[in-house]
Amino acid sequence: MKCNNHITLVRGPIVFTKGSINNEAVPQLGLAYISGYLRAKGYKTTLIDASAEGLGKISPLKEYPGYSYQGLSPSEVISRIPKQTRVIGFTSMFSGEWPVLRDL
């Protein structure tokens, strides 16, 4: 079955507070598996891993005082989403990251 739908899967940046000791980026195998399945079913997919694509970049989250993020900025993530995208799927490792994903 061939589909004209384009699906973009997004892992946002890692969000943490000052003094956090567990901020390691990990490969997004789950998103890779989902992307592979969708491609096998005829969907076009894009995978954006903001934490991996901006691994050495750490910046404060101005909207959330006391928090920082590691990875691509929200505007950088948005700029990587193809215009033909019909569906966007998000994932996060920790519940503290949801405000940033919601803002995306």
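Residues 558 to 661 in this note's numbering are what the sequence shown spells out, letter by letter.
Each residue gets a CB set at the ideal place from its N, CA and C atoms; glycine is no exception.
Among R568, L588, S608, G653, which has the Cα closest to the Cα of Y515? Outside the displayed span of the chain (558 to 661) sits residue 515, for which this structure offers no information.
Three-way DSSP call (helix, strand, coil) for Y590 in this model: helix
May I ask which residues mark the beginning and end of the alpha helix (DSSP H) holding V634? 631 to 636
Which partner residues of D606 appear in the DSSP bridge assignment? R568
As assigned by DSSP and simplified to three states, the class of V657: helix
Own chain residues within Cβ distance below 6 angstroms of S630, not counting five before or after: none
Between M650 and G569, what straight-line distance do the alpha-carbon atoms span, to the nearest angstrom? 9 angstroms
A607 versus Y626, P617, N562, residue with shortest Cα-Cα distance: Y626
Is it right to say T592 is buried, meaning 16 or more other beta carbons lie within 10 angstroms of its own, or is it exposed? The question names Thr, but residue 592 in the sequence shown is Ser. Buried: at least 16 other Cβ atoms inside 10 Å.
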